[in-house]
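In this text, residue positions in the sequence shown follow full-length UniProt numbering: the first is 1, and each later residue adds one.
Virtual Cβ for every residue (Gly too), placed ideally from N, Cα, C.
Some notes on the structure that comes next.
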Amino acid sequence: MTMQGTVLQYERETNTGFISGFDGNRYSFARINWTTGNVEPRVGLTVDFEIVDKTATQIIVVKSANANGRTRLAAILFALLLGGIGIHKFYLGRTVWGIVYLLFCWTFIPAIIALIEGILYAAMSEEDFNKKYNS
Numbered sequence: 001m002t003m004q005g006t007v008l009q010y011e012r013e014t015n016t017g018f019i020s021g022f023d024g025n026r027y028s029f030a031r032i033n034w035t036t037g038n039v040e041p042r043v044g045l046t047v048d049f050e051i052v053d054k055t056a057t058q059i060i061v062v063k064s065a066n067a068n069g070r071t072r073l074a075a076i077l078f079a080l081l082l083g084g085i086g087i088h089k090f091y092l093g094r095t096v097w098g099i100v101y102l103l104f105c106w107t108f109i110p111a112i113i114a115l116i117e118g119i120l121y122a123a124m125s126e127e128d129f130n131k132k133y134n135s
């Protein structure tokens with residue numbers, strides 16, 4: 001039987017986890033049953049899977065989820081346009097760094113660093129961005 005659900009938990013140490021099926025039940029899974037090789041299991045992913053004895057098998061990622069809702073485009077724009085005052089750092093959840101940028105904005109050094117960071121965000125793949133800032 002085919003089902004869709006969301007990854008609830010994944011333990012890297014044991015390579016096991018749980019998926020909450022859209023039918024309301026929870027299904028255990030092992031990393032070996034993960035067929036989408038280029039995407040690592042992580043909480044929040046929507047997946048399609050087969051059910052065998054309350055275990056999820058043949059798991060395929062349907063869409064990647066942004067657990068924190070942060071987008072790469074917004075981070076790029078914030079870094080390029082408002083990076084001198086650290087807005088991109090606050091957006092990405094790096095509050096301490098955002099405060100540091102605010103404190104030193106008068107030196108224009110944060111603006112130069114933010115320009116470089118904006119370029120790095122643009123060069124970063126969507127998957128790498130999500131791994132770093134949305135998990």
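Under a three-way DSSP split, which group does residue i fall into?
{"i": "Asp53", "result": "coil"}
{"i": "Phe29", "result": "strand"}
{"i": "Asp23", "result": "coil"}
{"i": "residue 136", "result": "In the structure as shown, the chain begins at 1 and stops at 135. Residue 136 is therefore absent and cannot be evaluated."}
{"i": "Glu11", "result": "strand"}
{"i": "Val100", "result": "helix"}
{"i": "Gly17", "result": "strand"}
Enumerate in chain order the residues of its own chain whose CB-to-CB distance from residue i is below 7 Å, with the five nearest sequence positions on each side excluded.
{"i": "Glu11", "result": "Gly17"}
Which same chain residues, not among the five before or five after residue i, have their C-beta less than 8 Å away from its C-beta?
{"i": "Leu80", "result": "Ala114, Leu115, Gly118"}
{"i": "Ile60", "result": "Thr35, Thr36, Val47, Asp48, Phe49"}
Alpha carbon to alpha carbon, how far is residue i from residue j?
{"i": "Cys105", "j": "Gly86", "result": "8 Å"}
{"i": "Val52", "j": "Asn134", "result": "31 Å"}
{"i": "Glu127", "j": "Thr95", "result": "23 Å"}
{"i": "Tyr101", "j": "Ile109", "result": "9 Å"}
Given a cut-off of 7 Å on the beta-carbon distance, is the pair residue i and residue j in contact?
{"i": "Tyr27", "j": "Lys54", "result": "yes"}
{"i": "Thr35", "j": "Gln58", "result": "yes"}
Less than 6 Å between C-beta atoms, sequence neighbours within five positions excluded: which residues of the same chain meet that for residue i?
{"i": "Phe22", "result": "Gln4, Gly5"}
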